[in-house]
Amino acid sequence: MITKELNKLFNNELDVNVTVIQSNRPDLCDFQIDEAFRLAKELHKSPFEIANNIVDKIKNIDNIDSIISKIEVVNGFVNISVTDSFINKVVKEVATTSKYGVEEDNKKVVMDYGGPNVAKPLHVGHLRSAIIGESIKRILKYKGNDVIADVHLGDYGLQIGEVIYAIQHDGKADDEITLEYLNEAYPRMSGICKENEDIKKECEEITKKMQEGDPEYNRLCDIICNISIKDIKGIYDDLDVSFDLWESERSAYNYIKDVEDILKNKGLLYESQGAMVVDVAEETDSKEIPPMIFQKSNGAYLYGTTDMATIYDRENKYQPDNMLYITDDRQSMHFTQVFRASHKAGITDAVFEHKGFGTVNGTDGKPFKTRAGNAPSLRDLLNETKDIFISKKEENKDMSEEDLNKIVNSIVKFADLQNNLTNDYIFDINKFSNTSGKTGPYMQYTVLRLKKILDNESIPTELSDNIYNEVDRNLRLKITNLCEAFDKAYENRMPSYIVDYIYDLANEANNFYQTNHIAGLDDETKKNDWLYVLNITVNILTDMLKLIGIDIPSYM
RNA sequence: GACUGGGUAGCUCAGCUGGAUAGAGCACUCGCCUUCUAAGCGAAUGGUCAAGGGUUCGAAUCCCUUCUCGGUCACCA
298 MITKELNKLF
308 NNELDVNVTV
318 IQSNRPDLCD
328 FQIDEAFRLA
338 KELHKSPFEI
348 ANNIVDKIKN
358 IDNIDSIISK
368 IEVVNGFVNI
378 SVTDSFINKV
388 VKEVATTSKY
398 GVEEDNKKVV
408 MDYGGPNVAK
418 PLHVGHLRSA
428 IIGESIKRIL
438 KYKGNDVIAD
448 VHLGDYGLQI
458 GEVIYAIQHD
468 GKADDEITLE
478 YLNEAYPRMS
488 GICKENEDIK
498 KECEEITKKM
508 QEGDPEYNRL
518 CDIICNISIK
528 DIKGIYDDLD
538 VSFDLWESER
548 SAYNYIKDVE
558 DILKNKGLLY
568 ESQGAMVVDV
578 AEETDSKEIP
588 PMIFQKSNGA
598 YLYGTTDMAT
608 IYDRENKYQP
618 DNMLYITDDR
628 QSMHFTQVFR
638 ASHKAGITDA
648 VFEHKGFGTV
658 NGTDGKPFKT
668 RAGNAPSLRD
678 LLNETKDIFI
688 SKKEENKDMS
698 EEDLNKIVNS
708 IVKFADLQNN
718 LTNDYIFDIN
728 KFSNTSGKTG
738 PYMQYTVLRL
748 KKILDNESIP
758 TELSDNIYNE
768 VDRNLRLKIT
778 NLCEAFDKAY
788 ENRMPSYIVD
798 YIYDLANEAN
808 NFYQTNHIAG
818 LDDETKKNDW
828 LYVLNITVNI
838 LTDMLKLIGI
848 DIPSYM
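So the first sequence is numbered by the numbering used here: it starts at 298 and just counts up by one.
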């Protein structure tokens, strides 16, 4: 918030455009302006001259002494330090403004994340889409946008055909179709279809007939979906991941015909190698973008078809400004095709965004697999994390399920979201169960111990002009930097910027905790000031943690 | 092969729309619990930012080349 205010103030007064940024040399100053170097060429003057000029102008601003305590030119950089009273003024602004001063936006956004496949058990790969998507959704909402989140189930594809094949060949009665059976049948069939072309063809045939409305296949599909969705909802509930819509591939089938007509009317659909496709290549492409396959040569529809139909449906129902997808980055080609085809067809003019995240790898750097060869289930991972956490301390055995769940979530989410989401990462259960250092539990612990101080005190509403020591000052400065961090996360759709901010703030707060004791303070002003600062710190930490899906347990 | 994303401390990663001395966590070493929760705090150690060249006042960051590891490239999602 300080850089924003200084930028506004300076650019009103200066004849050149400058940008104030956080200092990267805190030993020298609080803020800096690097513009002199850039302007040197433009203005044909030396950077030193320009920097001095900027400083002179700033020094002449009315009442500037109340804001800036020191401003000087060092090696062409303009170094600025602000007064304690100005820091306190901004801390008060942050504390009393709605959403700590984060400015609102008002777009309508449809988000598509989670994307679990019915009949396939959730594995660690699904963790990423769920928690990254959930966090981005909360960030978008916090910014004031109208967000509609759709889990968008994969419930009508080949995997269902494969499982139906298994059910029929295993001679399973309806009541014998259980979650355990599905968890076993899908990976088995998936393996068989890779080896056996004939069986694969049969499964494809079943899939196609189901999509064409075969009553028996659709009845079995219902059974499979009901069982699987119940399980999926249970896990998402535990992860505190929620959706406004539970639409799916299957629900998109209602709109395929409409989209097909539009494509035909516009002459965009044509036959190629037996399939019906939409050409999406553009002249500026640096690589070949193959056409989007709308309908397979055997008549069945694909992921791209249902995605287009879904886009058509969303446009009709919500007229969103943006449609945002959170999936594995390996799907980026698919989305390029779908987005282009949709814009060409004119079924929406919404801005499409695909945020592709990296793959979860094992400690060997290869896609994560258990010894049995399949990806480990999400449920197992969460349980194992919980067990390891409980084993860390004797008292943990007595924690409530609710608190344990909050901690397991914080461990898993904080570990994931602190990474740059576009990169792959190595999944290591030891890292995911770590509770000290840059981890979720560290954040929760920080909040709890600060809260303990506030518990029996009344929270002051006034803040004096004083700052009492360097640690105190650092904490207050960090508080004033929330808006910048938030906006960076918002604009880039990257929760990791918020994670970084929370971690830095918690670090400063723990530093403060260690250095400055409030209990037994005689100086009432100092005590009030510190309570004020700690209170706003706790509030910010709590709210920002909430944005990455982390709640504070009652005790730890 | 084309396109694309990586290669930064022993390990896992930040930093990448160029800025002053490259940062965290884990691990290792040393201090700090009669004072609000030690799941904490402080200090120390650890780097040719894959290699080479270029642009620039300034490069981990931008450009080129090479090496190396992933991923994608028409009927899976």
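Glycine included, each C-beta is placed from N, C-alpha and C at the ideal position.
In this structure, the CA atom of N804 is about 18 Å from the CA atom of M853. Remark: C-beta atoms of G454 and Y600 approach each other more closely than 9 Å. In the DSSP assignment, Q570 falls outside any beta strand (DSSP E) and carries neither an H nor an E. Beta-bridge analysis with DSSP links G451 to N414. Fewer than three pairs of CB atoms, one per stretch, sit closer than 8 Å, so the stretch 515-530 makes no contact with the stretch 687-704. In chain order, V460, A463 place their CB closer than 6 Å to the CB of A482, counting only its own chain and leaving out the 5 sequence neighbours on each side. If you draw a straight line from the Cα of D784 to the Cα of T758, it comes to about 27 Å. Per the C-alpha coordinates, the member of I608, E499, S548 positioned closest to N595 is E499. Its chain contains F711, L714, Q715, I845 as the residues whose beta carbon lies nearer than 8 Å to that of V796, once the 5 sequence neighbours on both sides are disregarded; these appear in chain order. For I361, no beta strand (DSSP E) segment is defined, and its DSSP state is neither H nor E. The alpha carbon of N808 has as its nearest neighbour, out of L842, E781, R770, the alpha carbon of R770.
In the three-state scheme derived from DSSP, where H, G and I count as helix and E and B as strand, K367 is classed as strand.
In this structure, F729 and G659 do not form a Cβ contact; the two beta carbons are roughly 12 Å apart against a cut-off of 8 Å.
Beta-bridge pairing by DSSP links V407 to I445, M620. Here V352 is not near I364, since their CB atoms are 9 Å or more apart. Residue pairing by DSSP places V657 opposite Y722 in a beta bridge. Rounded to whole angstroms, the Cβ separation of R746 and V388 is 21 Å, and the two are not in contact under 8 Å. In the structure shown, S343 adopts coil according to DSSP, grouped into three states. Judged by DSSP secondary structure, I489 falls within the alpha helix (DSSP H) whose first and last residues are 476-492. No Cβ-Cβ contact shorter than 9 Å links I586 with M620. Within the same chain, and ignoring the five residues on either side of G441 in sequence, the residues whose Cβ sits closer than 7 Å to its Cβ are E401, D402, N403. Judged by beta-carbon spacing, E473 lies beyond the 9 Å limit of V538, meaning their Cβ atoms are not closer than that value. Scanning its chain for C-beta atoms nearer than 8 Å, with the 5 sequence neighbours on each side dropped, one finds around V406 the residues L437, N442, D443, V444, I445, P617, D618, N619, M620, L621, in chain order. The beta-carbon separation of A597 and T504, rounded to 6 Å, stays under the 8 Å limit for a contact.
9 Å or more divides the Cβ of V835 from the Cβ of V768. For M605, no beta strand (DSSP E) segment is defined; the enclosing uninterrupted segment is the alpha helix (DSSP H) at 600-615. Between V315 and E339, the beta carbon gap of about 13 Å keeps them out of contact (Cβ cut-off 8 Å). Contact between the stretch 372-388 and the stretch 814-823 is absent: fewer than three C-beta pairs spanning the two stretches fall below 8 Å. The residue from I361, H420, N304, Q570 with its alpha-carbon nearest to that of Q592 is Q570. As a beta-bridge residue in DSSP terms, H651 pairs with Y622. Annotation for T682: V705, I708, V709, F729, S730 place their beta carbon closer than 7 Å to its own, counting only its chain and skipping 5 residues before and after. Distance between Q741 and I799, taken at the CA atoms: about 11 Å.
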